[in-house]
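Protein chains in written order, with our numbering: chain U, 1 to 778; chain C, 779 to 1123.
By construction, the Cβ of each residue, glycine as well, lies at the ideal position given by its N, Cα and C atoms.
If you're wondering where the values come from, they're calculated on a predicted model, not measured in any experiment.
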Amino acid sequence: MAALESPQPAATTTAMRHAFGNVLSVLILVLIGVLAFSIRLFSVIKYESVIHEFDPYFNYRVTQFLSKNGIYEFWNWFDDRTWYPLGRVIGGTVYPGLTLTAGTIWWVLNSLNIPLSVETVCVFTAPVFSAFASWATYLLTKEVKGSGAGLAAAVLLAMVPSYISRSVAGSYDNEAVAIFALIFTFYLYIKTLNTGSLFYATLNALAYFYMVCSWGGYTFIINLIPMHVLLCIVTGRYSPRLYIAYAPLVVLGTLLAALVPVVGFNAVLTSEHFASFLVFIIIHVVALVYYIKGILTPKMFKVAVTLVVSIGMVVCFIVVAILVALVASSPTGGWSGRSLSLLDPTYASKYIPIIASVSEHQPPTWPSYFMDINVLAFLVPAGIIACFSPLSDSSSFVVLYIVMSVYFSGVMVRLMLVLAPAACIMSGIALSQAFDVFTGSIKYQLGGSSNSTDNAEDTNNAPKDDASAGKTDKGEEIVKERSSKKGKKKEREPADKPSVKSKAKKKALVLPLETSIVALLLLIMLGAFYVIHCVWAAAEAYSAPSIVLTSQSRDGLHVFDDFRESYAWLSHNTDVDDKVASWWDYGYQTTAMANRTVIVDNNTWNNTHIATVGTAMSSPEKAAWEIFNSLDVKYVLVVFGGLIGYPSDDINKFLWMVRIGGGVFPHIKEADYLRDGQYRIDSEATPTMLNCLMYKLSYYRFVETDGKGYDRVRRTEIGKKHFKLTHFEEVFTSHHWMVRIYKLKPARNRIRGRAKKLKSKTTSSGWSSKSEKKNPWV
Amino acid sequence: MVVQTNLSSRIFFFLIALLFSLADSDSDSDLINELVSLRSSSPDSGVIRLYDDDVSKFLTSVPTPRPYSLIIFFDSVNLHSHSKLQKFRREFGLVSSTFISNNNNDGSNNGTKLFFCEIESTHSEASFHRFNVESLPHISLVSPTTENLTECDQMDGGDFAGLAESMAEFVERLTKLTVGPIQRPPFLSKTQIGIIVALIIISAPVLIKKILKGETLLHDRRIWLTGAVLVYFFSVSGTMFNIIREMPLYVKDDEDQSKFVFFIEGSEMQLGVEGYTVGFLYTVVGLLLAFVTNVLVRVKNLNEQRMSMLLSLVISFWAVRQVVYLDNWKTEYEIYPYWPSSWRH
């Protein structure tokens, strides 16, 4: 309030306040970074510094390879440890962004003589990048609605549960860096749109390149930005800045994207990218129209417009025809299954069991929103409305972003992750506007009428002058278009000008004092609730590494470290070239931790191969032995939770094995495993179920534990309790029986008379008759 | 989803009389010819509409084995408001037309071994009794050897689910005739596509002109705003979940049929009404906040401001509390703060 003393030093005080504000902003941002990093450390504190879950183990293994052998070896890496006997070309089938990032960090730290292990770097990559993501959110929101909203959005993003779930320490997966890349690409796009600078346009293409390197979700960017461009054109908001923001991105971005081996020519050949090319053509037609409009008189323009429109339409039709022909020539219309299930939500559940079987591809119910974005769900509508008053190029982009992402998140719960930044931005805008209005009202009324003019100026930082700014916006825009190079300067003017003009109006825009205070308190309470929820979610819900399990009971904490125990057993007690078969969920972990060859893993690229394993698990012992033997398998690993009540074990996943197996080998029928449509393993279960390999391997000797064979997950006594294995032998069962490993018994010696008998017997079963002559699974 | 159709009881005095009537091989081919002509004159994909007299003529009065099978769809105009029945009827027509087109031109006389028929309840109530039809949808296959109509093969609930394809499978399983892949008519016929393309081409210049002038609905911000908020509302209500899983809006209580259940426990599932209620609560708070910060600040009257703001605050507070309560109830999570350990006792 020093400004009151005399009018002269007012200018310097304002400058001082600006400088002070900037320093404060930087300080707040640093704190936000610390918050974003530290809230993700619960997993390390509560458990230990380990890599989590399944996919991160693969990424970790790739990073290890990269740091040991260098980048060229990495590009050419053919991995013979997975998908036996097919193998997998890692360099060409992996998004390299994450591994290259972590590899670079490790290399830099090592050259600075900071000797961190590769594992430590991998564990902490995600928390570090979530701090970056919060800063990127600040930048993006600042471009849209000013720095107040930016800070609010950044602090919300730093602890939004949906993002935490994918970026706790140890969760070393693509999304960890991709969300940062996504937000940063959007920021650079908006920045280019606001400034019209080619410098930012180039940076934008580079950020897009990083995103393409990191995550398949880059198709979201390359569809969202064209949609926004089209929206701007259709609503009459075309400007040269829009052209500069879009055209270089498509040209440079597509060229760069094609450099990533896993994308390659897909960047120009698949339907996911066609929208961008179509809009690229449209924006050129529109640009031409505007150019001609500029150089011709209105009369001449009318003549010209007919000409240009007809030519443009012809071009468009030709392109559309080519696209339609191209799309029609590919079987799924050029769309990948995952994208198709976004457009037609019922697609995957009907046709692709392997997509439908993954729990993160299910549609979410309303509690998921409350769990993952919490109170932001309440604030988003207010943010949307704030973006409409006034609607600018940048605010229309964030509105489009929230609308698309909220729709997609409704189809697949996994895409909640893409929604989270949008929800944070919107809520940040809403919160900052609300705080502006409420604190403004309080300040105005407490300060009295004498200094009202001055206080009014304080409050009009961002949202309140928007209404008047909106009016002047159109007039300004024409000026802006002419001098896009000076865009930077022009951009600041509309924010300054109307504040002077509308000073008189401002006095009326206040709310009653008491209610403002109440509203402010309620908002703070809402924020506090958000913090409590996020900390709880980070600590309790999302920090479990799922490789080590804990449970809290009356007699203290129990730790179940069975997975690592069994992988260690495998690596110590089996030959280095032995093949281990398990359901695909455990493939990555087996290769990374036990260093043994697996048949299928979490990179579900070959449905037939997975179906073969599914079929073996669903077959009776002998048929299963033949399938596994034909695949050179020596050990079979099953995960069993019945003893300690671990629900995501193989018996619970078994129906998917049947479904996926039956999709390729029709003699496996789901109905054979169900009694009256119900999946059960008690005495009511079907004989097919009780005789299949999965049942036998899971429950072998189970009755010896408690005498009754009570399964704690299914909450029932098992159907078949006493049986012997004929073709498999148990070699290892972990401490809590969670992992059981069996060895295939060697083939029997051929005895003349017996072999004949066997042959005539087995020809009745479809499997063996084939495998006698030719092996169909290899 | 079984529709109960109660039919009043009657006595079939003519049934016994007809049972004794005789038929010879000539009349067999006559009957087939008549069925074929009925089929070709049928307006709707070759499904023959049978009345009570026809049932006796083609089924009960013909000695077994009959030279043909009939597959009968039982329909009721009264229940057409029930959309599933109409859907089944359409699928049935599809199977029929596919069967005819696949079997009529191949030289063999398979096309005359199976006829697709329908019986409508208001016109042929007696037949419903004769087949002992109690609930719809009901599809029966009368094979050549069936004597007692109440014992003919009935398509069970499982076969209804997959529609035309599963109906065809049912027919193929029992008759050993091939239906072939179902030929669905394209979503839009060729003429319709032509008209649409022509309309687009004609209207394109006008539209482009309007867009250039900036006077379409697209330029109205309120429409975009409403659209955005609506998409948000429907998404957070879990509408997609309801569509994909085909969840009903509400279910009836197992114990007390007169009670409705709108909310179910467990975060894996939700009902339609439940989703929309919470979606509304999610949305209303934001809308009220926007109302206060954008509209209410411009109101001149202080008391009006005070009252509406208080009201908005109370509603918002209630909505948030309600969602928190519902969430805790549904997911059974207990959210607790992590206070510093020195604060605990």
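Residue environment for U:Arg414: buried (at least 16 other C-beta atoms within 10 angstroms of its C-beta).
Close to chain U, meaning a Cβ-Cβ distance shorter than 7 Å, are the following residues of the segment 994-1027 of chain C: Leu996, His997, Arg999, Leu1003, Ala1006, Val1007, Val1009, Tyr1010, Ser1013, Val1014, Ser1015, Gly1016, Thr1017, Met1018, Phe1019, Ile1021, Ile1022. U:Arg659 sits buried, since 16 or more C-beta atoms from the chains shown fall within 10 Å of its C-beta. According to the DSSP secondary-structure assignment, U:Ala169 is paired through a beta bridge with no residue. Contact between the segment 614-633 of chain U and the segment 641-649 of chain U is absent: fewer than 3 CB-CB pairs across the two stretches fall below 8 Å.
Judged by their CB atoms, U:Ser214 and U:Asn174 are nearer to each other than the 8 Å cut-off. For the options U:Lys696, U:Ile668, U:Ala10, U:Gly614, the alpha carbon positioned closest to that of U:Met657 is the one of U:Gly614. According to DSSP, residue pairing for C:Asp931 in a beta bridge involves C:Leu919. Listed along the chain, the chain U residues whose CB falls inside 7 Å of the CB of C:Gln1083 are Leu511, Pro512. Remark: C-beta atoms of C:Tyr1028 and C:Phe1038 approach each other more closely than 8 Å.
In chain order, Ser551 place their CB closer than 6 Å to the CB of U:His558, counting only its own chain and leaving out the 5 sequence neighbours on each side. Nearest C-alpha to U:Ser392 among U:Arg712, U:Val155, U:Val144, U:Tyr95: U:Val144. With respect to chain C, the C-beta atom of U:Thr297 has no partner C-beta closer than 8 Å.
When U:Thr733, U:Leu697, U:Met738 are compared, the shortest CA-CA separation from U:Lys720 is found for U:Leu697. Per the coordinates, the alpha-carbon of U:Ala169 lies some 39 Å from the alpha-carbon of U:Arg701. For the set U:Tyr243, U:Ile244, U:Val268, U:Val262, the Cα lying nearest the Cα of U:Leu255 is the one of U:Val268. Looking from the CA of U:Phe301, the closest CA among U:Ser630, U:Thr93, U:Val289, U:Ile311 belongs to U:Val289. U:Tyr530 is outside the set of residues whose beta carbon lies under 8 Å from a beta carbon in chain C.
At least 8 Å separates the beta-carbon of U:Ile385 from that of C:Leu1074. For the pair U:Val160 and U:Leu376, the CB atoms are nearer than the 8 Å cut-off. DSSP, reduced to helix, strand and coil, places C:Tyr846 outside both helices and strands of the structure shown, so it counts as coil. Less than 8 Å divides the Cβ of U:Trp75 from the Cβ of U:Gly91.
The alpha-carbon of U:Gly312 is positioned some 6 Å away from that of U:Val285. For C:Glu1052 against C:Phe1069, the beta-carbon gap comes to about 26 Å, at or over 8 Å, which does not count as contact. Between the beta-carbon of U:Thr185 and that of U:Ile221 there is about 6 Å, and that keeps the pair under the 8 Å contact cut. Listed along chain C, the residues sitting closer than 7 Å to U:Ser389 by beta-carbon distance are Asn1072.
Collapsing the DSSP output to three states places U:Thr716 in a strand. Distance from the CA of C:Gly1050 to the CA of U:Thr365, rounded to the nearest whole angstrom, comes to 10 Å. The alpha carbon of U:Thr104 has as its nearest neighbour, out of U:Ser134, U:Pro85, U:Gln64, the alpha carbon of U:Gln64. Around the beta carbon of U:Asn629, 16 or more other beta carbons lie within 10 angstroms, which makes this residue buried.
In this structure, the alpha-carbon of U:Pro545 lies about 15 Å from that of U:Asp585.
According to DSSP, residue pairing for U:Ala581 in a beta bridge involves U:Val636. By the Cβ neighbour-count rule, U:Asn374 is buried, with 16 or more other Cβ atoms within 10 Å of its own. Closest in alpha carbon position to U:Asn652, among U:Tyr679, U:Asp672, U:Ser134, is U:Tyr679.
Annotation: U:Ile282 to U:Ile244 spans about 14 Å, alpha carbon to alpha carbon. Neighbours of U:Thr515 in chain C, taken as residues at a C-beta separation under 8 Å, are given in chain order as Gln1083, Arg1084, Met1087, Leu1088, Leu1091.
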